[in-house]
Amino acid sequence: MLFGSRVRKKFSLFFLAIISFLAPKLEAVGLFQPSHNARYGGMGGVNLAIGGSPMDIGTNPANLSLKNRKELEFGISLPYIRTVYKDRFLDPDPNLTYENSESYNVLAPLPYFAIRIPLGEKWTYGGGIYIPGGGNGEVTGLTRITPNGQSLNNWSGMNLPSPIGDSKRIQESYSSTFYLVKSTHALSYKIGGLSIAFGVEGIYSRQIAYQKFHDITGNIEVPGQGFDYKSKNAYALGGIFGTTYQITETLKIAYSYQTSAKIPLDGSMQVGSYPSRTGVSATFAVPERHGLGFSYGTDTFKIGIDALYYNYSSYTSTYKQTLAAPVFPTAFGQTNVIPQNLSYHDSWALGIGGEWIVNDWTYRLGARHNSGVLRSEGTNALQAGIMVQDLVSGGFGYSTGKWKFDFTLLYYLPVRVYNGGSADWNFNHAVFSKDDVRVAEFKHSLRSDIPAILLGASYSFD
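Each residue of the sequence shown is one higher than the one before, starting from 11 at the first, in my numbering.
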């Protein structure tokens, strides 16, 4: 037992190191993936009433008690997010008119690890660490008008030769990274056909963002402009509750609730040429989630339906950063408050999926519809992950001895969101002063689709 404990401890530390290496490169499918492992991914994320995997800790921990053997599960999700951002600024002056179109693709490794340990006939423990999601994006070389509508030399104080220095056109680059890592520990209690579970979620998060400007050729960075923001390492606690009831030998119903969590993203920001980094106070709230599931299952065939509801609007409709000093430039003067109207809407999802077992092989299919979280008024160039809606998936598993291996192909169908002038992104690029507002002249759109591969394995032991 001592040797096994040491091995598990070393493996957990190794897994934490892997996550620490991958986290800054993450770009996930919004804040919630449809599933956290390859098995459920093959069923369109459906799992609430099917259950049976150690990764139930992240969706419905009541299902930990469905099996009475110890089991270790690990794997990785590999979504490849493909994005096309477009915008245009129309003006009677042809020297001010511009149009941008940029594609950026990111492969985002999202690893997971979990273990299930029965503690007796009625109690079961489950614990693990995984990355439920986050967001990352980077756009470079976007043609812009200087923030105050003046020439590059007048705005920046530089002395570049004509026509570059006399032009009002510049280039903008923007990057933003935000991610979540969860460590969840849950206990499930089974009495008769009813299972009930509670879990505690430890959450780690961080945000990094910067904005840079260059001359119109992209060769010379404009000094003393833009910003560079880094949050501190952020920690928070959340909770998860789940229950499953076996109605008959083949029918089950399940309910799951995941609490909201407030993540303190305090940090510092370098704003333009201000002589020092400025303290930043900010809180990002992860929404609560409700889930209701039904399943029909035999030893060789299982099918389930999940309905989920995410209460985004009560928690993440706005995100505000408060600076220690009023040094952030706007068209109306400097301020210490940077509000961001994310305008996330409450979202619901409906999924159907199942698996069919033939000897040592398992075959899976699934589909899921998500209502849109991101609407036009909250769009910007870096919101691709959160906007995806519908998906289809298929996969298979193979069992040999105490090992099971799972493979899934999943595809988030293409979706495009347009904006005609009501977003913060529009105001930031079309308001040059209180007397020079041209929001109606700036329009943008964002398109994204996501193919993904999920790989997983599990090992049962005594």
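In this text, a Cβ means the ideal position worked out from N, Cα and C, and glycines have one as well.
Under 9 Å between C-beta atoms of residue i and residue j
i	j	result
Gly382	Ile362	no
Tyr239	Gln268	no
Ser166	Phe223	yes
Trp366	Phe311	yes
Leu392	Val427	no
Asn105	Ser177	yes
Tyr245	Ser215	yes
Gly61	Asn73	yes
Gly301	Ser266	yes
Phe338	Lys444	no
Ile213	Gly248	yes
Asn390	Ala440	no
Asp309	Asn57	no
Gly138	Thr69	no
Lys414	Tyr469	yes
Gly147	Ser185	yes
Gly52	Leu360	no
Ser379	Gln399	Reading off the sequence, residue 379 comes out as His, not Ser. A contact, by the Cβ cut-off of 9 Å.
Thr332	Ser286	no
Thr258	Ala219	no
Residue i classed as buried or exposed, judged by whether at least 16 other C-beta atoms fall within 10 angstroms
i	result
Ala335	exposed
Trp371	exposed
Arg374	buried
Arg79	exposed
Glu211	buried
Pro71	buried
Pro233	exposed
Tyr189	buried
Val368	exposed
Pro142	buried
Val149	buried
Ala124	buried
Asn229	exposed
Thr260	exposed
Ser283	exposed
Ala462	buried
Tyr422	buried
Ser403	buried
Gly411	exposed
Tyr408	exposed
Val191	buried
Own chain partners of residue i with C-beta closer than 7 Å, once the 5 adjacent residues on each side are dropped
i	result
Ala48	Gly85, Gly405, Asp416, Phe417, Thr418, Leu464, Leu465 and Gly466
Thr107	Phe99, Leu100 and Asp101
Val449	Gly431, Asn436, Phe437, Ala440 and Val441
Opening and closing residue of the alpha helix (DSSP H) in which residue i lies
i	result
Leu162	Leu162 to Ser166
His439	Asp434 to Ala440
Tyr50	Ala48 to Gly51
Run of the beta strand (DSSP E) containing residue i, from where it starts to where it stops
i	result
Asn380	Trp371 to Asn380
Tyr421	Trp413 to Asn429
Ser295	In the sequence as displayed, the identity of residue 295 is Ala instead of Ser. Segment Thr288 to Val296, the beta strand (DSSP E) holding Ala295.
Gly307	Arg299 to Gly307
Tyr255	Ala244 to Gln256
Lys222	Leu204 to Asp225
Phe279	It is Met, not Phe, that sits at residue 279 in the sequence shown. Element bounds for Met279: Gly277 to Val281.
His195	Arg179 to Ile201
Pro121	Leu120 to Pro128
Lys132	Careful: Lys132 lies outside any beta strand (DSSP E) and carries neither H nor E.
Asp459	Phe452 to Phe471
Lys312	Phe311 to Tyr320
Asp103	Careful: Asp103 lies outside any beta strand (DSSP E) and carries neither H nor E.
Gly405	Leu401 to Thr410
Close-in-space but distant-in-sequence residues of the same chain around residue i (CB under 8 Å, 5 per side omitted)
i	result
Asn110	Tyr95, Lys96, Asp97, Arg98, Leu152 and Thr153
Arg299	Phe42, Ser266, Tyr267, Gln268, Leu318, Tyr319, Tyr320 and Asn321
Ile6	Because residue 6 is not part of the residues shown, which for the chain are 11 to 472, the question remains open.
Leu170	Leu162, Asn163, Asp225 and Ile230
Thr288	Ser278, Met279, Gln280, Val281, Leu333, Ala334, Ala335 and Val337
Asn346	Thr332, Leu333, Ala334, Ala335, Pro336, Val337 and Phe338
Nonlocal neighbours in the same chain, by C-beta distance under 6 Å from residue i, ignoring five residues either side
i	result
Leu32	Note that Leu32 scores 40 on pLDDT, short of 50, meaning its location in the model is unreliable; the coordinates nonetheless yield the value given after this. If we look at Leu32 and ignore the five residues flanking it on each side, its Cβ neighbours are Pro119.
Phe237	Gln221, Met279 and Val281
Phe13	The pLDDT assigned to Phe13 is 40, lower than 50, so where the model puts this residue is not dependable; a value taken from the coordinates is nonetheless given after this. None.
Arg92	Asn115 and Asp459
Pro89	Val39, Ala118, Ile460 and Ala462
Phe9	The structure shown does not extend to residue 9, since the chain spans only 11 to 472, so no value can be given for it.
Arg126	Pro64, Leu74, Glu81 and Gly136
His46	Met65, Gly68, Tyr122 and Tyr140
Test: residue i CB closer than 9 Å to a CB of chain C
i	result
Pro104	Absent from the structure is chain C; it holds one protein chain and no more.
Segment contact flag, the segment 117-137 with the segment 187-201, C-beta cutoff 8 Å, min 3 pairs: yes
Three or more C-beta pairs below 8 Å linking the segment 206-216 and the segment 241-261: yes
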